[in-house]
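So the protein lines, in turn, are chains A and B.
The first sequence begins at 1 in my numbering and counts up by one.
The second sequence begins at 1001 in my numbering and counts up by one.
Virtual Cβ for every residue (Gly too), placed ideally from N, Cα, C.
Report on one structure; see the data block that follows.
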Amino acid sequence: MVYITAILANWIFGYKIFTQGLIQLGQPATVKVAANLVRLLAYNNKNMLQTGLIVGGWDKYEGGKIYGIPLGGTIIEQPFAIGGSGSSYLYGFFDQAWREGMTKEEAEQLVVKAVSLAIARDGASGGVVRTVIINSEGVTRNFYPGDKLPLWHEELEPQNSLLDIWGSASGSSPEPMRE
Amino acid sequence: MGYKFVILRPYCASPLTMVPYVTGTSVIGIKYKDGILIAADMGGSYGSTLRYKSIERLKAIGKHSLLGASGEISDFQELLRYLDELILYDNMWDDGNSLGPKEVHSYLTRVMYNRRNKFNPLWNSVVLGGVKNGQKYLGMVNMIGVHYQDNHVATGFGNHLAVPILRDEWREDLSFEEGIKLLEKCMRVLIYRDRSAVNKLQVVEEWVVQSIAKITEEGVSISPPYSLKTFWEFSAFKNPTAGAAGSW
């Protein structure tokens, strides 16, 4: 099966939305249109693709909208969507933590917390958290390195070395490598 | 569905294989005195995960028909597109005639059967009901093209859990209230016993009021989503070891 998420995304946005859509309509396509273009690819190639997608954005007609497009090519509008291998661990979390009408800051904190919880338990998740906020003002990207995320059960505060905990005759050890 | 997927040549261009991903469970339909009632829950299961709980699996088609689908939701959405086109062309004739439930059922049967013959099925079982010119119609089609009409139909687990109840308790002259109660009795059993059922359901109703073969009023209504109460306080559940001294 082809893991094609990035290739699909690039094609939809580069070609269909901007080239065809923007040129023909004279304005950016709506989120619904973008999601349906993705759905067409996912549905019509369901034999060859194994990719679950979430299309989210903002347009002036409907405001912020999220469309989930799981395996098979179903399209479903949702107030929030989760997917991917680590998402199994987040269904209960979102059932409890998600609320209608969160502010931008609350919502971003929620997703960062969610991804960090998934990283804690999913072997296939890790590294950094990157977020994108899309609203009437535009697109904002944020970056959270892995060592700045909260710690969960059975995780310990990272140290430079055991020597710092036990202490040593020659003082503390050097900082970890940068770059 | 009971059908295992058949891999003839996996991961290739020709769709000789199919497996459902996001699925809806049972749909139940009955005729009642004044029309048709169909019920379905709002769940979209992803394997054993109850992933989506707000999927509307009941839709009105044209002026006269109601469709309820179980099975792969993406294929149901595609079916709705086919039917949209069918109804559009029917309206464009602008000839005063409109496709009734019998015609829509026939169309769906042809679509499903032809796809089955090409080994590229729409992985659904659908209930198609409606009223036209005072005539009630209720039918079922599934992914292999099996189709029939009856006074009560069901898909999936509904065949095993609901149909026996309906065979026993259905009557020609059910009132609206009795029909709803009967459907809810069936849905409740499904909530208890079908692992893919979700306790959030919708009912659609198409009714016609006639007096001596003249239609005075007709219409379609879709209920808002609602949940049924369930009962779990059986003494056998509360004290499971009462009959087995020494057990815990």
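On a CA-only basis, which of the options is nearest residue i? Give me that one, please.
i: B/Tyr-1137; options: B/Gly-1024, B/Tyr-1032 and B/Leu-1122; result: B/Tyr-1032
i: B/Tyr-1226; options: B/Glu-1056, B/Val-1126 and B/Ser-1074; result: B/Glu-1056
i: B/Thr-1025; options: B/Asn-1239, B/Leu-1190 and B/Thr-1241; result: B/Leu-1190
i: B/Asn-1124; options: B/Tyr-1107, B/Gly-1139 and B/Met-1143; result: B/Met-1143
i: A/Thr-5; options: A/Leu-41, A/Asn-36, A/Gln-24 and A/Lys-104; result: A/Leu-41
i: B/Asp-1150; options: B/Pro-1020, B/Arg-1171 and B/Ser-1048; result: B/Arg-1171
i: A/Gly-63; options: A/Thr-30, A/Ala-97 and A/Gln-159; result: A/Thr-30
i: A/Tyr-89; options: A/Ile-134, A/Ile-165, A/Trp-11 and A/Gly-123; result: A/Gly-123
i: B/Gly-1219; options: B/Gly-1096, B/Lys-1102, B/Ser-1045 and B/Ala-1060; result: B/Ala-1060
i: B/Asp-1168; options: B/Cys-1186, B/Leu-1108, B/Tyr-1046 and B/Phe-1076; result: B/Cys-1186
i: B/Gly-1158; options: B/Asn-1114, B/Val-1126 and B/Gly-1062; result: B/Val-1126
i: A/Ile-69; options: A/Ala-34, A/Gly-86, A/Val-139 and A/Arg-178; result: A/Ala-34
i: A/Gly-104; options: A/Gly-52, A/Ser-125 and A/Val-139; result: Reading the sequence as shown, one finds Lys at residue 104 of chain A and not Gly. Checking every option, the nearest Cα to that of A/Lys-104 belongs to A/Val-139.
i: B/Leu-1050; options: B/Gly-1035, B/Val-1027, B/Tyr-1021 and B/Lys-1063; result: B/Tyr-1021
i: B/Thr-1023; options: B/Asn-1091, B/Arg-1195, B/Thr-1230 and B/Trp-1232; result: B/Arg-1195
i: B/Ile-1222; options: B/Glu-1103, B/Asp-1084 and B/Leu-1058; result: B/Leu-1058
i: A/Ile-133; options: A/Trp-152, A/Ser-125, A/His-153 and A/Leu-110; result: A/Leu-110
i: A/Tyr-61; options: A/Pro-176, A/Lys-32 and A/Thr-51; result: A/Lys-32
i: A/Thr-74; options: B/Leu-1088, B/Thr-1109 and B/Leu-1122; result: B/Leu-1122
i: B/Asp-1084; options: B/Gly-1096, B/Asn-1097 and B/Lys-1063; result: B/Lys-1063
i: A/Arg-39; options: B/Ser-1045, B/Gln-1077 and B/Gly-1134; result: B/Gln-1077
i: B/Ser-1048; options: B/Val-1198, B/Gly-1243, B/Val-1208 and B/Glu-1233; result: B/Val-1198
i: A/Gln-96; options: A/Ser-85, A/Gly-86, A/Glu-108 and A/Ala-114; result: A/Ala-114
i: A/Arg-141; options: A/Gly-21, A/Thr-51 and A/Glu-108; result: A/Glu-108
i: A/Asn-45; options: B/His-1160, B/Val-1019 and B/Ser-1054; result: B/Val-1019
i: B/Tyr-1052; options: A/Ile-76, A/Thr-51, A/Gln-50 and A/Phe-143; result: A/Ile-76
i: A/Ser-87; options: B/Lys-1102, B/Tyr-1046 and B/Asp-1094; result: B/Tyr-1046
i: B/Tyr-1082; options: B/Glu-1177, B/Arg-1115, B/Leu-1182 and B/Gly-1096; result: B/Arg-1115
i: A/Val-112; options: A/Glu-100, A/Arg-99 and A/Phe-143; result: A/Phe-143
i: B/Leu-1099; options: B/Lys-1118, B/Lys-1132, B/Asn-1239 and B/Asn-1117; result: B/Lys-1132
i: B/Phe-1119; options: A/Asn-47, A/Ile-23 and A/Leu-22; result: A/Asn-47
Which residue or residues does DSSP assign as beta-bridge partners of residue i?
i: B/Gly-1130; result: B/Ser-1065 and B/Tyr-1137
i: B/Ala-1154; result: B/Ile-1028
i: B/Asp-1041; result: B/Leu-1201
i: A/Arg-141; result: A/Val-132
i: B/Glu-1056; result: Beta-bridge pairing links B/Glu-1056 to no other residue.
i: A/Tyr-67; result: A/Val-55 and A/Glu-77
i: B/Ser-1070; result: B/Ser-1125
i: B/Gln-1149; result: B/Gly-1139
i: B/Gly-1035; result: B/Tyr-1032 and B/Trp-1207
i: B/Glu-1233; result: None; B/Glu-1233 has no bridge partner.
i: B/Ser-1221; result: B/Glu-1205
i: B/Tyr-946; result: What the structure shows of chain B is the stretch from 1001 to 1248, and residue 946 of chain B is not part of that stretch, so it cannot be assessed.
i: B/Val-1022; result: B/Tyr-1046
i: B/Tyr-1253; result: Not covered by the structure: residue 1253 of chain B. The range shown for chain B is 1001 to 1248.
i: B/Leu-1079; result: Bridge partners of B/Leu-1079: none, in fact.
So residue i packs on residue j, CB below 8 Å; how close in whole Å?
i: A/Gly-72; j: B/Glu-1072; result: 6 Å
i: B/Glu-1206; j: B/Gly-1145; result: Contact flag wrong, Cβ pair sits at about 25 Å.
i: A/Glu-155; j: A/Ala-120; result: 7 Å
i: A/Leu-117; j: A/Phe-94; result: Going by Cβ atoms, the distance from A/Leu-117 to A/Phe-94 rounds to 10 Å, so no, they are not a contact pair.
i: B/Val-1111; j: B/Gly-1029; result: Incorrect: roughly 19 Å between the Cβ atoms, too far for contact.
i: B/Leu-1128; j: B/His-1105; result: 4 Å
i: A/Leu-37; j: A/Lys-16; result: 5 Å
i: B/Ser-1074; j: A/Tyr-91; result: In fact, because the Cβ distance is near 21 Å, the residues do not count as touching under 8 Å.
i: B/Thr-1241; j: B/Ser-1247; result: 4 Å
i: B/Gly-1139; j: B/Val-1208; result: The pair is not a contact, with the Cβ atoms about 17 Å apart (cut-off 8 Å).
i: B/Arg-1193; j: B/Thr-1230; result: About 11 Å separates the two Cβ atoms, so there is no contact after all.
i: B/Val-1027; j: B/Thr-1155; result: 5 Å
i: A/Ser-85; j: A/Ser-125; result: 7 Å
i: B/Leu-1086; j: B/Tyr-1107; result: 6 Å
i: B/Leu-1174; j: B/Leu-1161; result: Contact flag wrong, Cβ pair sits at about 19 Å.
Short of 9 Å Cβ to Cβ, which residues in the region 1201–1235 of chain B face chain A? Residues: none.
Would you call the region 1035–1043 of chain B in contact with the region 1066–1086 of chain B, where contact means no fewer than 3 C-beta pairs closer than 8 Å? They touch, by the three-pair rule.
Examine the Cβ distances between the region 51–63 of chain A and the region 73–90 of chain A and report whether three or more of them are shorter than 8 Å. Counting Cβ pairs under 8 Å, three or more are found: they touch.
Residues of the region 66–82 of chain A in Cβ contact with chain B at a cutoff of 7 Å, in chain order, please. Going along the region 66–82 of chain A in chain order, one finds Pro-70, Leu-71, Gly-72, Gly-73, Thr-74, Ile-75 and Ile-76 with a Cβ nearer than 7 Å to chain B.
Output needed in chain order: residues of the region 1020–1046 of chain B with a Cβ under 8 Å from some Cβ in chain A. Hits within the stretch, in order: Pro-1020, Tyr-1021, Val-1022, Gly-1044 and Tyr-1046.
Does the count of Cβ pairs from the region 139–148 of chain A and the region 114–130 of chain A closer than 8 Å reach three? The answer is yes - the region 114–130 of chain A touches the region 139–148 of chain A, with three or more Cβ pairs under 8 Å.
Measuring CB atoms only, is the region 1190–1203 of chain B touching the region 1218–1235 of chain B, in the sense that at least three cross pairs come out at less than 8 Å? Yes, since at least three Cβ pairs between the region 1190–1203 of chain B and the region 1218–1235 of chain B fall closer than 8 Å, the two stretches touch.
Give the residues from the region 1081–1106 of chain B that approach chain A closer than 8 Å (Cβ to any Cβ), ordered along the chain. Taking 8 Å as the upper bound on Cβ-Cβ separation, chain A lies near no residue of the region 1081–1106 of chain B.
At a CB distance below 9 Å, what residues from the region 1054–1084 of chain B approach chain A? Give them in sequence order. Those residues of the region 1054–1084 of chain B that come within reach of chain A (Cβ to Cβ, closer than 9 Å) are Ser-1054, Ile-1055, Glu-1072, Ile-1073, Ser-1074, Asp-1075, Phe-1076, Gln-1077 and Glu-1078.
Interfacial residues, the region 80–111 of chain A to chain B, with Cβ spacing under 9 Å: Taking 9 Å as the Cβ-Cβ cut-off against chain B, the residues of the region 80–111 of chain A that qualify are Ser-88 and Tyr-91.
Within 7 Å of chain B by C-beta, residues of the region 29–47 of chain A in sequence order: Within the region 29–47 of chain A, the qualifying residues are Tyr-43 and Asn-47.
What are the residues in the region 1133–1161 of chain B lying within 8 Å of chain A by C-beta distance? Those residues of the region 1133–1161 of chain B that come within reach of chain A (Cβ to Cβ, closer than 8 Å) do not exist; the list is empty.
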